[in-house]
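Participant: Starting off with a structure, shown below.
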Amino acid sequence: MQRKIIHCDCDCFYAAIEMRDDPALQGRPLAVGGQPQQRGVIATCNYEARAFGVRSAMPSATALKQCPQLVILPPNMEKYRLASQQIAKIYRSYTDLVEPLALDEAFLDVSHSAHHHGSATLIAKEIRVRIFETVGITASAGVAPNKFIAKIASDWNKPNGLFVVCPADVDAFVAALPVKKIFGVGKVTEQKLLRQGIKTCQDLRTLSLVTLKQHFGTLGERLYDLCRGIDHRPVNPERIRKSISVETTYPQDIPHLADCIKQLPLLYQQLQTRIQRAQIKLPIKACLVKLRFNDFQQTTAECAGAPLSLETFSNLLTSAYHRRQRPVRLIGIGVRITEEEKTPLIKEQAESLIYQTYQATLF
Ligand code: DCP
Ligand code: MG
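Numbering (the working numbering), first residue to last: 13 to 375.
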């Protein structure tokens, strides 16, 4: 059956919330993130700041060099979480098949939605209006027959845009896409393909499945399908988080193991708060510690079955530290959670049969 998938993603989410709450910030380059004196990084920035080259995950010090008038606000996660809940409620009023990808981003499968006579395009339009009216920020949306194309489409007219790829347009739309638009094609794969003269999905279609598998393993199989616009992945509303963690980059490097261990109680407290907030009912599979040393080398230590305790993290930290024995700039601790497979619940809608006829024509 022809599916109808919407990918919805708010525009410069954290920054948009801050501009909503303080209109004086509108029109000026704004970022949300850590302060440069504390070696903070940018979480996100508005489009005015992007024009100066400021980007997510960039050190705040670099961002200020690119854009000296940049305002950097600390994140206010409570506000973003509240906005995220309001948005999720809007999504769920159209379908139960909502797969959140981040606080501001989700896939919706509206193939069986009775709203707007089953038109995914009209549903996406209305969702954008409702997010603006309820939350006071803009969102962009992509509508397509599968997740791969819907995600690319939501980026197409960003910010504050909608882009629809109808089933009949999929082939031409995908053919013209540069290969780097494919999820899983990073710089290395892109370079490898470029060396063979392959720039677009159209070019990629000239490679056989066997060749692709030889060169790229399992990714090769995905590439074979995706460059043809084929993606059967279902929208999975039961996607369960696999891990929860907290981490801190310290303003000054921590020189010795004993000092690192002194940081653990605060991190442990933050982790416990986060675990409680996530309302985890599943067993914890493993505890883990991540260290980033002052030469930016990173290591993780993990222990399955150990109790969730300060002592466990202390032991893990000790073993991770001894791998390099250098000053530490970042400590992270976390837990891995057992994954539980659940069949997605599709709420049977009495009307769905009636709307089948519309679905053939409306997208
Ligand atoms: N985020 C973060 N660190 C990153 C990337 C993102 O903390 N490296 C946070 C801040 C963003 C939010 O997640 O506001 C959503 O991420 P997006 O990738 O959707 O980015 P934005 O919504 O900020 O911008 P866009 O308009 O490109 O979607
Ligand atoms: Mg976003």
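The beta-carbon is built from N, C-alpha and C at its ideal position, and this holds for glycine as well.
List the endpoints of the continuous alpha helix (DSSP H) containing Pro277.
Facilitator: Here the question's residue 277 lines up with position 265 in the sequence shown. It spans 269-290 - the alpha helix (DSSP H) in which Pro277 sits, taken as one unbroken run.
Participant: Within the stretch 142-184, note down every full beta strand (DSSP E) run reaching 3 residues or more, in order along the chain.
Facilitator: Whole beta strand (DSSP E) segments, 3+ residues: 151-156, 174-176.
Participant: How far does the beta strand (DSSP E) with Gly45 in it reach, from first residue to last?
Facilitator: Counting from 1 along the sequence shown, the entry for residue 45 is found at position 33. Unbroken beta strand (DSSP E) run through Gly45: 42-45.
Participant: CB Ser152 to CB Gly173, shorter than 9 Å?
Facilitator: To locate residue 152, count along the sequence shown from 1; it is residue 140. To locate residue 173, count along the sequence shown from 1; it is residue 161. Yes.
Participant: Using the beta carbon as the reference atom, which residues fall closer than 5 Å to any heavy atom of the ligand MG, ordered along the chain?
Facilitator: Residues flagged by the Cβ proximity filter: Asp21, Cys22, Phe25, Asp116.
Participant: Helix, strand or coil for Arg348, going by three-state DSSP, please let me know.
Facilitator: For the purposes of this step, residue 348 is taken as residue 336 along the sequence shown, with counting starting at 1. DSSP places Arg348 in strand when its eight states are reduced to three.
Participant: When DSSP labels each residue in this structure, what does His244 get in the three-state scheme?
Facilitator: Here residue 244 refers to the residue found at position 232 when the sequence shown is read from its first residue. Three-state DSSP puts His244 in coil, outside helix and strand.
Participant: Quick one: measure Cβ to Cβ for Thr260 and Ile343, integer angstroms, because I've assumed they're closer than 8 Å.
Facilitator: Within the sequence shown, numbered from 1, the residue matching residue 260 stands at position 248. Within the sequence shown, numbered from 1, the residue matching residue 343 stands at position 331. Their Cβ separation, rounded to whole angstroms, is 6 Å, which keeps Thr260 and Ile343 in contact under 8 Å.
Participant: Please list the terminal residues of the continuous beta strand (DSSP E) segment that includes Arg234.
Facilitator: The residue labelled residue 234 in the question sits at position 222 within the sequence shown. Premise fails: Arg234 lies in the alpha helix (DSSP H), 230-238, not in any beta strand (DSSP E).
Participant: How should Ser331 be labelled, buried or exposed, when 16 other C-beta atoms within 10 angstroms of its C-beta is the threshold for buried?
Facilitator: For this step, residue 331 is matched to residue 319 along the sequence shown. Exposed.
Participant: Given that a residue counts as buried once 16 or more other Cβ atoms are within 10 Å of its Cβ, and exposed if not, what is His19?
Facilitator: As a position in the sequence shown, residue 19 is number 7, starting the count at 1. The residue is buried, with at least 16 neighbouring Cβ atoms inside 10 Å.
Participant: When you compare only the Cα positions, how much space is there between Ile161 and Asp237?
Facilitator: In the sequence shown, residue 161 corresponds to position 149, counting from 1. In the sequence shown, residue 237 corresponds to position 225, counting from 1. Spanning the two alpha carbons is a distance of roughly 12 Å.
Participant: Kindly indicate the opening and closing residues of the beta strand (DSSP E) around Phe305.
Facilitator: Numbered from its first residue, the sequence shown carries residue 305 at position 293. First-last of the beta strand (DSSP E) with Phe305: 296-305.
Participant: Out of Phe144, Gly148, Thr107, Ile143, state which residue places its alpha-carbon closest to the alpha-carbon of His128.
Facilitator: Here residue 128 refers to the residue found at position 116 of the sequence shown. Nearest of Phe144, Gly148, Thr107, Ile143 to His128, Cα basis: Thr107.
Participant: Is any heavy atom in the ligand DCP found nearer than 8 Å to the beta carbon of Ala55?
Facilitator: Reading the sequence shown from its first residue, position 43 is the one you call residue 55. The answer is yes for Ala55.
Participant: For Lys354, name the three-state secondary structure that DSSP assigns.
Facilitator: For the purposes of this step, residue 354 is taken as the residue at position 342 of the sequence shown. At Lys354 the pLDDT is 37, less than 50, meaning the model places this residue with poor confidence; the figure from the coordinates comes in the next sentence. The answer is coil: DSSP assigns Lys354 none of H, G, I, E or B.
Participant: Can you tell me whether DSSP reads Thr74 as helix, strand or coil?
Facilitator: The residue labelled residue 74 in the question sits at position 62 within the sequence shown. Of the three classes helix, strand and coil, the one that applies to Thr74 here is helix, per DSSP.
Participant: If you pair each beta-carbon of the stretch 41-57 with each one of the stretch 176-183, do three or more pairs fall below 8 Å?
Facilitator: The stretch 41-57, when compared against the stretch 176-183, does not touch it at the 8 Å Cβ threshold.
Participant: Is it a yes or a no for the stretch 111-119 touching the stretch 135-143, going by three-plus beta-carbon pairs under 8 Å?
Facilitator: Flag = no, the stretch 111-119 and the stretch 135-143 do not touch.
Participant: Below 8 Å on the Cβ atoms is my guess for Pro71 versus Tyr26; work out the distance and round it to an integer in Å.
Facilitator: Walking along the sequence shown from the start, residue 71 turns up at place 59. Walking along the sequence shown from the start, residue 26 turns up at place 14. No, Pro71 and Tyr26 are not in contact; Cβ-Cβ is about 17 Å, not under 8 Å.
Participant: Quick one: does the C-beta of Pro48 sit closer than 8 Å to a heavy atom of the ligand DCP?
Facilitator: Taking the first residue of the sequence shown as position 1, residue 48 is located at position 36. Result no, Cβ not under 8 Å from the ligand DCP.
Participant: Can you find a heavy atom of the ligand DCP that lies under 8 Å from the Cβ of Ser152?
Facilitator: As a working mapping, residue 152 is identified with position 140 in the sequence shown. Yes, the beta carbon of Ser152 sits closer than 8 Å to at least one heavy atom of the ligand DCP.
Participant: What is the DSSP secondary structure of Ala63, reduced to helix, strand or coil?
Facilitator: For the purposes of this step, residue 63 is identified with residue 51 of the sequence shown, where counting begins at 1. Correct three-state label for Ala63: coil.
Participant: Note the first and the last residue of the continuous alpha helix (DSSP H) segment covering Ala100.
Facilitator: Residue numbering aside, residue 100 sits at position 88 when the sequence shown is read from its first letter. Per DSSP, Ala100 belongs to the alpha helix (DSSP H) from 89-104.
Participant: Quick check on the DSSP output: the alpha helix (DSSP H) that includes Cys79 runs from which residue to which?
Facilitator: By 1-based counting over the sequence shown, the position of residue 79 is 67. Counting along the chain, Cys79 falls outside any alpha helix (DSSP H), and DSSP gives it neither H nor E.
Participant: Determine whether the beta carbon atoms of Pro48 and Leu76 lie at a separation below 9 Å.
Facilitator: Along the sequence shown, read from residue 1 onward, the residue named residue 48 stands at position 36. Along the sequence shown, read from residue 1 onward, the residue named residue 76 stands at position 64. Going by C-beta atoms, Pro48 is nearer than 9 Å to Leu76.
Participant: Inspect the beta-carbon positions of Asn169 and Ile17 and report whether they are closer than 9 Å.
Facilitator: On the sequence shown, residue 169 is found 157 positions in, with the first residue counted as 1. On the sequence shown, residue 17 is found 5 positions in, with the first residue counted as 1. Taking 9 Å as the Cβ cut-off, Asn169 and Ile17 do not qualify as a contacting pair.
Participant: With burial defined as no fewer than 16 other Cβ atoms inside 10 Å of the residue's Cβ, what is the status of Lys163: buried or exposed?
Facilitator: Looking up residue 163 in the sequence shown gives position 151. The residue in question, Lys163, is buried, as its Cβ has 16 or more Cβ neighbours within 10 Å.
Participant: Rounded to whole angstroms, what is the Cα-Cα separation between Gln208 and Ala313?
Facilitator: Position 196 of the sequence shown, counting from 1, holds the residue named residue 208. Position 301 of the sequence shown, counting from 1, holds the residue named residue 313. Roughly 39 Å separates the two Cα atoms.
Participant: Just the Cα atoms here: how many angstroms apart are Leu37 and Ala69?
Facilitator: Locating residue 37 in the sequence shown gives position 25, counting from the first residue. Locating residue 69 in the sequence shown gives position 57, counting from the first residue. C-alpha separation (whole angstroms): 21 Å.
Participant: Could you have a look at Gln309 and say whether DSSP puts it in helix, strand or coil?
Facilitator: By 1-based counting over the sequence shown, the position of residue 309 is 297. Looking at Gln309 - three-state DSSP - the assignment turns out to be coil, as it is neither helix nor strand.
Participant: Is DSSP giving Arg32 helix, strand or coil here?
Facilitator: In the sequence shown, the residue the question calls residue 32 occupies position 20. Helix at Arg32.
Participant: Quick one: residues in its chain with C-beta nearer than 7 Å to the C-beta of Val53, no 5 flanking neighbours on either side, listed in chain order?
Facilitator: Here residue 53 is taken as the residue at index 41 of the sequence shown, counted from 1. Only Gly45, Gly46, Ala69, Met70, Pro71, Ser72 meet the Cβ criterion.
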